[in-house]
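Right, one structure below, let's go through it.
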Amino acid sequence: MVLAQQGVKDPPVVPRHVAIVMDGNGRWAQQRGLPRTDGHREGSRVARTTVEHAIRRGVDALTLFAFSSENWTRPVEEVDVLMQLFLEALDSQARDLIENGVRLSFIGDRSTLSAPLQEDMARVELATSGNTRLRLQVAVSYGGRWDIVQASRQLAAAVGRGELGLDDIDEQAVSDRLSLAGLPDPDLFIRTGGERRISNFLLWNLAYTELYFCDSAWPDFSADHFDRAIDYFAACERRFGATSHQVRGGP
Ligand code: IPE
Ligand code: IPE
Ligand code: MG
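In terms of numbering that gives the first Met the number 0, the sequence shown opens at residue 0 and continues consecutively.
Set out below in structure tokens:
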């Protein structure tokens, strides 16, 4: 029925916003007898090719989970390498991002990051702020619970200043203060590495996102894997609480 209504000439359904948990770097390296940090290095390369493929497929927004608020509990040597890799990636990829029309933003608790990293992040955000081809968000020192807490603090402060009444606090008011304010919620969530959990990623924004889990480790994630996830999304019937009949627009 649906296929008949959509017609064979309909363009393929591409998610507007894709959110990815880039997991499995450490295990990928360990399985090869390499230090975990080699997996992160390879993962950084795959992040770049994934951005390129998102552009090719016409995705409008891509949000990548690079380092969680809980990842600070890892051995200090691993954290140090990850922070160094972020710095290197920013330095080496800034020009490509600008040329490819990518607008880069970081989400997460920046106060926990080193001053040089914070400065580089702000510099690349500014340099790419006029770009419109792809909105790229990289989550560093990010936690979904942290995000809801920081939004709650902003709301409480606005109420305290008398700028906002209690009745003004609705879903939109919360959304407007979260890290992804102004972006549509992710349509498609992808997690590589075999685990089937959210791990404190975008807790609020994933309310109606289609979830896709890929057993391959992030360093093995290819354009084909990405295409398969998009195909999965295209086959989903998004009901948002309504009935299938309503969504299909039947009589
Ligand atoms: C994801 O890969 C990268 C970060 C969390 C920083 P992992 O480092 O979690 O790799 P696994 O899950 O241990 O294999
Ligand atoms: C989630 O992966 C965070 C990132 C990929 C950045 P983790 O490896 O930290 O998640 P858990 O610990 O397996 O849930
Ligand atoms: Mg992991």
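We put the CB at the ideal spot given by N, CA and C, even for glycine.
Give the secondary structure of residue i by DSSP, where H, G and I count as helix, E and B as strand, and everything else as coil.
i: F188; result: strand
i: E51; result: helix
i: S113; result: coil
i: R35; result: helix
i: Y211; result: strand
i: V12; result: coil
i: I19; result: strand
i: P218; result: helix
i: R237; result: coil
i: S243; result: helix
i: G25; result: helix
i: G248; result: coil
i: W292; result: A question about residue 292 goes unanswered here, because the residues of the chain that appear run from 0 up to 250.
i: Q30; result: coil
i: R160; result: coil
i: L84; result: helix
i: D169; result: coil
i: A180; result: coil
i: D108; result: coil
i: R40; result: helix
i: Y231; result: helix
i: I197; result: coil
i: R262; result: This structure leaves residue 262 out entirely; the chain is present only between 0 and 250.
i: S151; result: helix
i: D146; result: helix
i: S91; result: helix
i: S174; result: helix
Per DSSP, what are the beta-bridge partners of residue i in this structure?
i: F66; result: V139
i: R134; result: A60, R102
Hey, residue i and residue j: beta-carbon distance below 7 angstroms or not?
i: G25; j: W217; result: no
i: D214; j: G193; result: yes
i: F188; j: A18; result: yes
i: V101; j: N130; result: yes
i: V137; j: L63; result: yes
i: V80; j: T36; result: yes
i: D186; j: R15; result: yes
i: H52; j: A228; result: no
i: F212; j: R195; result: yes
i: A28; j: G42; result: no
i: D157; j: L163; result: The question names Asp, yet the displayed sequence has Ala at residue 157. Yes. Within cutoff.
i: L116; j: L86; result: yes
i: A60; j: R132; result: no
i: S198; j: D146; result: no
i: V45; j: R190; result: no
i: G143; j: F200; result: yes
i: A206; j: V173; result: no
Once you ignore the five residues that flank residue i on each side, which residues in its own chain have a CB closer than 6 angstroms to its CB?
i: V123; result: L89, A93, L103
i: V139; result: A65, F66, F105, G107
i: R109; result: Q117
i: T111; result: S140
i: L202; result: G143
If I measure Cβ to Cβ from residue i and keep anything under 8 angstroms in the same chain, skipping five residues before and after, which residues do I get?
i: S243; result: E236
By Cβ distance, which residues of its chain are closer than 7 angstroms to residue i, with the 5 residues on each side in sequence left out?
i: H224; result: C213, S215
i: R56; result: V13, I229
i: L33; result: none
i: Y231; result: Y211
Within 7 angstroms of ligand 1: residues by beta-carbon to any heavy atom
After applying the 7 angstroms Cβ criterion, the set is M21, D22, G23, N24, G25, R26, W27, R35, G38, H39, G42, A65, F66, S67, N70, L81, G192, A216, W217.
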